[in-house]
Structure formats: structure tokens, C-alpha cells
Amino acid sequence: MTAGTALATALANWCGSDPMRSAIAAVINQFAETGTQVAELIAASPLNQTQAPRGPINASGDEQKALDVQAEELFISALATCQVAAVGSEETEEAIILNPTGALVVALDPIDGSSNLDINAPIGTIFSVLPTTGFKDDPAGALLQSGRHQVAAGAIVYGPSTVMAVTWGSGTDIFAFDPATKVFIQTHKQLDLVADACEYAVNASNARHWSPGIRAYVADLVGGAHGPREKDFNMRWLACLVAETYRILLRGGIYLYPDDKRPAYAQGRLRLVYEANPVAFLCEQAGGLATNGIDPILDLVPTYLHQRTPLVFGSRNKVDRVRRYLLNPSTIQQDAPLFAQRGLLRK
50 MTAGTALATA
60 LANWCGSDPM
70 RSAIAAVINQ
80 FAETGTQVAE
90 LIAASPLNQT
100 QAPRGPINAS
110 GDEQKALDVQ
120 AEELFISALA
130 TCQVAAVGSE
140 ETEEAIILNP
150 TGALVVALDP
160 IDGSSNLDIN
170 APIGTIFSVL
180 PTTGFKDDPA
190 GALLQSGRHQ
200 VAAGAIVYGP
210 STVMAVTWGS
220 GTDIFAFDPA
230 TKVFIQTHKQ
240 LDLVADACEY
250 AVNASNARHW
260 SPGIRAYVAD
270 LVGGAHGPRE
280 KDFNMRWLAC
290 LVAETYRILL
300 RGGIYLYPDD
310 KRPAYAQGRL
320 RLVYEANPVA
330 FLCEQAGGLA
340 TNGIDPILDL
350 VPTYLHQRTP
360 LVFGSRNKVD
370 RVRRYLLNPS
380 TIQQDAPLFA
390 QRGLLRK
């Protein structure tokens, strides 16, 4: 597969005559096609009031906008044409049964970062594809497999251009939508996350709630060239997981959304099944790592659809460093993290 290949062609070359691969390819193609329809809705959203809150919060506790619901309806309709037994969505409390005998289930966040609509900032769609093997009589249960069982995952970014980061288990590639041909064209193949990038993403306004390990890690980054890390770092925060994922896939670095002392954040804030798992799969397929701070995200087994988790992902060496900070609190000099000497962590 070479740069410039159309997504449909790349998928056709990969699946050949394999029935299971063909079913996976059909799902990915439907996300690409429907994603372009969602992009059009987003472009028109300032004109048709889809930015306005719909009223109630969604199944995972976030304020729901009209566009969230419209996007979900489009994706569900498209997936009904595939071998998809059930869909788990951020916008709906229970799994939606489509084709009960289908070979696959799909978890998705139809619109990630919808609060960014108000300021014309990037938003996106995240999806995860899992097999129904062993769950023929319980397609909804297939959504609660560990992320290691994913057969495909993707993240579509609706920004200055519409792009899709996608993996079907053979590395992570990037495809961009060409408005002239109405086709997704490959722009990056077999991504390999940069190890030494000096960017990090975290919502620093929550610092007072963080654990000592996270506070110390971020403080060392803030310390820059005069701190223990002896180099300067830049902070980014786009308030959209999909956009952060795309940036890290292309430029490296690290993203942190840890648990903290607030009751609503004690188990983390992001959803394991349809946010953390697909991001972790994309990240690991690009040579990176994703954890809950300690354990790999893909090893976690969800117990319910909207389960939350802390999420730390990006370049493998950086994610490993956070784990060391959390596991070795004795290395943290209390009350003076900027000036602590942590020879253990200097690598």
C-alpha cells in the first residue's frame, strides 16, 4: 500500500476474499462515507441550530446537542447495512440491536468534543469494532470484551479538513477526504510515534485535584530547562479527544486525563469502551502506549457500556514515565516537586 491509495482500495487489497475481513472493511467504509455527511452537518451547524443543547444529558452524563443525536442516527442507519449485530453509543443508555446474527459489534462516540461547536474548533467521531465470536446469543455482551479483541478502530476529525486515523490491526494509517473526488486518500501509512516530542496535553485547571504523582510529573514538565527534565515543553489542550489523538499520532507527545479527588472523577472521566479502547488501539498500532496511568487500557475488561477510566496515551517512553511517577511516590519530594532530584526518572 502506497501513499495516495484510496481507502476503499486499501481495504479491498487487505480483505481479499476473506469474509470476516470483508465485513470489517464494510464497516470502515460506512464510517468514512457517513463521516462526510456528518462533516456537512457540522459545516452548516451555525445556520441550523444543531449547536444548541437538545435538553437532557446523554447516557454517559454529558450535555447532549441536536448534532449528537443526528450523527448517531446517521451512523446507526449506515451500520444497519453491515454485518453489525449491535451498536453501543455514548448517546444511548443500552446497546442498540441491529442484525443479531452479525459477525461484529461497534462502539462509537458519534460526536466527540461537541462543546467545541460553539467556537468552531475541531470535533470528531471515534469508533471501535469487535467480533461477536462467543457472543452469538448475546451481541450486547460482545461490546464488553477487552480492547485486545478489537479488529478495527478509527477516529475521524472534522477540522480544516476531514481526516480519518484508522487501524485494522496492521498498523495505523491516515486518510484525508478529497472534496474534489469525494474519496478518502491515504496521506500517512504505518505511523511510528515520535519518541522525543516536547508536547503534552492536560487540563491544567484541574491540577489542585490531581494525585501527587500526576502533579509531580506535570510540574517537572512545567519546570522546563531549569527543572529536573532539563528541557522546555509546550502544553496543548484542544478539549476534543479525537483531535488530541490525531495530533499525537502525527507529532508524538503525551495526553493525560487522570482520575482525581473529585467524586465524579474518581474513576476517570473518559469512557473505556468507545473512547479509550479505540484510541489505545490506534496508539499501540503506531508504536505508542495507552494506560489508565498504571495498566494498559487494552487489558481492561469493561463491566458496563458507559464505564469510565483514566487515560494516559502517547509516545511509549512518556507513558512509561508517568507510570513510574505513580508507582514510586517515595521518589516525590513533597511540597517541592519542581526541585526534587529523581535520578530514577531521569531517563
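Residues in the sequence shown are numbered consecutively from 50, following our numbering.
Glycine included, each C-beta is placed from N, C-alpha and C at the ideal position.
| Can you pull the DSSP bridge partners for PHE124? | Beta-bridge partners assigned by DSSP to PHE124: none are found.
*asked:* DSSP has GLN235 in a bridge; who is on the other side?
replied: PHE224
Where PRO359 sits in the DSSP three-state scheme:
coil
(message) Going by DSSP, what residue range makes up the beta strand (DSSP E) through ASP241?
(response) Neither: ASP241 is in no beta strand (DSSP E) and is coded neither H nor E.
Exercise. In terms of DSSP beta bridges, what is VAL328 paired with?
Worked result: The partner list for VAL328 (beta bridge, DSSP) is empty, contrary to what the question assumes.
Are ASP241 and GLY336 close, meaning C-beta to C-beta below 8 Å?
-> yes
(Q) Using only CA atoms, which one of GLU293, LEU347, GLY84, ASP309 lies nearest to HIS258? (A) ASP309
Using the Cβ count rule (16 or more neighbours within 10 Å means buried), how would you classify PRO228? Burial call: exposed.
Just the Cα atoms here: how many angstroms apart are ARG278 and ASP269? Roughly 6 Å between the two C-alpha positions.
### Query
With distances taken between CB atoms, is the gap from PRO327 to ALA204 smaller than 8 Å?
Result yes, Cβ atoms of PRO327 and ALA204 sit closer than 8 Å.
| query | DSSP three-state call for ALA55: helix, strand or coil? | reply | strand
Exercise for the section: State the beta-bridge partners of ILE175 as determined by DSSP. Expected result: ASP158, ALA204
- Task: With a threshold of 16 other CB atoms inside 10 Å of the CB of VAL350, please say whether the residue is buried or exposed.
- Result: exposed
**Prompt:** Looking at the structure shown, is VAL251 part of a helix, part of a strand, or coil, going by DSSP?
**Reply:** If DSSP states are grouped into helix, strand and coil, VAL251 belongs with coil.
Could you pull out every residue in the same chain whose Cβ sits closer than 7 Å to the Cβ of LEU354, ignoring the five residues on either side in sequence? Close CB contacts of LEU354 within its chain, under the 7 Å cut and outside five residues either way in sequence, are with GLY137, ALA144, LEU192, VAL322 (chain order).
Which of helix, strand or coil DSSP assigns to PHE388 = Because PHE388 sits at a pLDDT of 37, beneath the cut-off of 50, its placement in the model cannot be relied upon, and the point is left open.
### Task
Could you name the residues of the same chain whose beta carbon sits closer than 7 Å to that of LEU147, not counting the 5 residues immediately before and after it, in chain order?
LEU128, ALA129, VAL133, ALA134, ALA135, VAL136
(Q) Residues in the same chain with beta-carbon distance under 7 Å from ALA244, minus the five sequence neighbours each way, listed in chain order, please. (A) Closer than 7 Å at Cβ, skipping near neighbours: GLY301, SER364, ASN366.
For this session: Take CYS332 and list the residues in its own chain whose beta-carbon comes closer than 6 Å to its own, dropping the five residues that flank it on each side.
Result: ALA339, PHE362
* Within 8 Å, strictly: CB atoms of ILE73 and VAL178 -> yes
When you measure from the CB of ALA225 to every non-hydrogen atom of the ligand ZN, does any distance come out below 7 Å? In terms of ligand content, the structure shown is empty, and the ligand ZN therefore cannot be addressed.
- Query: Which residues in the same chain have their Cβ closer than 6 Å to the Cβ of THR83, if we skip the five residues on either side of it in sequence?
  - Reply: LEU123, PHE124, ALA127
List in chain order: all unbroken beta strand (DSSP E) runs of 3+ residues lying wholly within the region 255-298.
283-285
> DSSP on ALA152, reduced to helix/strand/coil?
Replying inline: coil
| task | To the nearest angstrom, report how far apart ALA253 and ALA61 are at their CA atoms. | result | Linking ALA253 to ALA61 through their CA atoms gives a straight-line distance of about 44 Å.
key: Proximity below 8 Å, CB of LEU153 to CB of VAL76   = yes
Confirm, please, whether the CB-CB distance from GLY162 to LEU290 is below 8 Å.
Yes. Within cutoff.
Discussion item. Please state the DSSP three-state secondary structure of ILE303.
Written reply: strand
* Asked: For LEU354, which three-state DSSP category applies?
  -> coil
query = Would DSSP call PRO312 helix, strand or coil?
reply = helix
* Terminal residues of the alpha helix (DSSP H) in which ALA134 lies -> No alpha helix (DSSP H) holds ALA134; the beta strand (DSSP E) holding it covers 133-138.
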